[in-house]
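K.L.:
Pasting in a structure now, in structure tokens, and then I'll have a few things to ask.
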Amino acid sequence: MESLSKEEQAALPVAAEPNTHTQQAYAEHGAMIDHEIIHEEQIAAAHPELLWSRIRHTLREPFAEFFGTFIMILFGDGVVAQVVLSNGEKGNYQSINWGWGIGVMLGIYTSGISGAHLNPAVTFANCVFRQVPWRKFPLYAIAQLLGAMTAAAVVYGNYRSAIDAFEGGAGVRTVPGYSETATAGIFCTYPAEFMSRTGQFFSEFIASSILMFLIYALNDDANIGAGPLAPIGMCLVIFGIGCAWGWETGYALNLARDFGPRLVTYMIGYGPNVWKAGNYYFWIPMVAPFLGCTFGGFLYDTFMWTGESPINTPWMGLQRLVRPKVNETREKWTKDLADP
0 MESLSKEEQA ALPVAAEPNT HTQQAYAEHG AMIDHEIIHE EQIAAAHPEL
50 LWSRIRHTLR EPFAEFFGTF IMILFGDGVV AQVVLSNGEK GNYQSINWGW
100 GIGVMLGIYT SGISGAHLNP AVTFANCVFR QVPWRKFPLY AIAQLLGAMT
150 AAAVVYGNYR SAIDAFEGGA GVRTVPGYSE TATAGIFCTY PAEFMSRTGQ
200 FFSEFIASSI LMFLIYALND DANIGAGPLA PIGMCLVIFG IGCAWGWETG
250 YALNLARDFG PRLVTYMIGY GPNVWKAGNY YFWIPMVAPF LGCTFGGFLY
300 DTFMWTGESP INTPWMGLQR LVRPKVNETR EKWTKDLADP
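Residue numbering for the sequence shown follows numbering that gives the first Met the number 0, beginning at 0 and increasing consecutively.
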């Protein structure tokens, strides 16, 4: 080095010092940001301008459920509003079934990152049978409920003038069973007048069981499955349920889809009859879908599913409840044998 001139020495490459921190550039978009933010606290601290990116990464699954449910209700309630308020001139019952099917399909495409549940009962069944963490259940359910409420409010705001004209005056708001020009049924479901309480419950229970059974069938690659066409398959499932099981109760199938918009109608002036109608029918779409979806998932896993499920464990999963310590010990021994 001493034999080289100063100019030649300056031209030589300089090796990086060990442990030198090399700062990388991070764009606002892209997977790198989210990956580094969640695993590298130093990067998050060094980029305070990316606060929203950190929030989004933490809550993007609930956000997905919110917007997926929002899209579903936007199309579902929207098509019912158009058919009802036009006295059937701009559609019919099949239009409603297609509208709901398309709404579900587009909602699934919107919320794929979260699993596209769009329904607290579906989330519950997935927690039971598909190892979805239980901590996600309240977050998903709240997001789904808020998404449904927001969409119902948007539909109401858009069709408010048409509702005034249909009901017979500004501010007149009535509920099915109390008026021939009722419009509350645009937003949530009301049973046919001839339905008994038992009939109401089992109509929703059976339809919800079918829904969950077919959701698992469409997502089971070992049984043909639908793969990337699952959203289209779900469109047909909802259309079929509407055609076969929709007349008696309106096929709510979903606490968020029914209770959220029902609560909105109560707040905007439809009054307490939204709870009293159908002999206090409102609680059935809140309870029956949970039992129905759980039963539908149980049927599929018992007779068709060969993957990971409580049904495919000793005592159909009950051993985990009865003898949890034994199972923990067995798992520890298995791990120790695999990794001595």
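Cβ coordinates follow ideal geometry from the N, Cα and C atoms, glycine included.
Can you tell which of E203, V127 and A151 has its C-alpha closest to the C-alpha of A243?
P.N.:
Nearest C-alpha to A243: E203.
K.L.:
Pick out whichever of L235, L217, A221 and V236 has its Cα sitting closest to the Cα of P227.
P.N.:
Nearest C-alpha to P227: L217.
K.L.:
Note down the Cα distance separating I101 from A255, rounded to an integer number of angstroms.
P.N.:
The alpha-carbon atoms of I101 and A255 are separated by roughly 18 Å.
K.L.:
Can you tell me which residues form a DSSP beta bridge with S178?
P.N.:
S178 is bridged to P175.
K.L.:
Are E64 and Q143 touching if we call contact CB-CB under 8 Å?
P.N.:
Yes.
K.L.:
Which same chain residues end up closer than 7 Å to T188 when comparing Cβ atoms and leaving out the 5 residues on each side of it in sequence?
P.N.:
For T188, where only same-chain residues beyond five positions count, the Cβ hits under 7 Å are T248, G249, A251, D257 and P284.
K.L.:
Where does N96 land, buried or exposed, given buried means 16+ other C-beta within 10 angstroms?
P.N.:
So N96 ends up on the buried side.
K.L.:
Among the residues of its own chain, which have a CB less than 8 Å from the CB of Q93, if the five just before and after it don't count?
P.N.:
The residues are C242.
K.L.:
Would G306 be called buried (16 or more neighbouring beta carbons within 10 Å of its own) or exposed?
P.N.:
Per the 10 Å Cβ criterion, exposed.
K.L.:
Rounded to whole angstroms, what is the Cα-Cα separation between A152 and D220?
P.N.:
Looking at the two C-alpha atoms, the distance is approximately 39 Å.
K.L.:
Can you give the beta carbon distance from T180 to F69, rounded, assuming they're within the 8 Å contact cut?
P.N.:
Actually they are not in contact, since the Cβ atoms of T180 and F69 sit about 28 Å apart, beyond 8 Å.
K.L.:
Which residue's Cα is closest to the Cα of F238: A147, R159 and V103?
P.N.:
Selected option, being the one with the closest Cα: V103.
K.L.:
Taking all protein chains shown into account, do 16 or more other C-beta atoms lie within 10 angstroms of the C-beta of M233, making it buried, or fewer, making it exposed?
P.N.:
Per the 10 Å Cβ criterion, buried.
K.L.:
Could you pull out every residue in the same chain whose Cβ sits closer than 7 Å to the Cβ of F212, ignoring the five residues on either side in sequence?
P.N.:
Within the same chain, F212 has close Cβ partners G295, L298 and Y299.
K.L.:
Quick one: does A120 have its CB under 8 Å from some CB of chain B?
P.N.:
You won't find chain B in this structure, because it holds only one protein chain.
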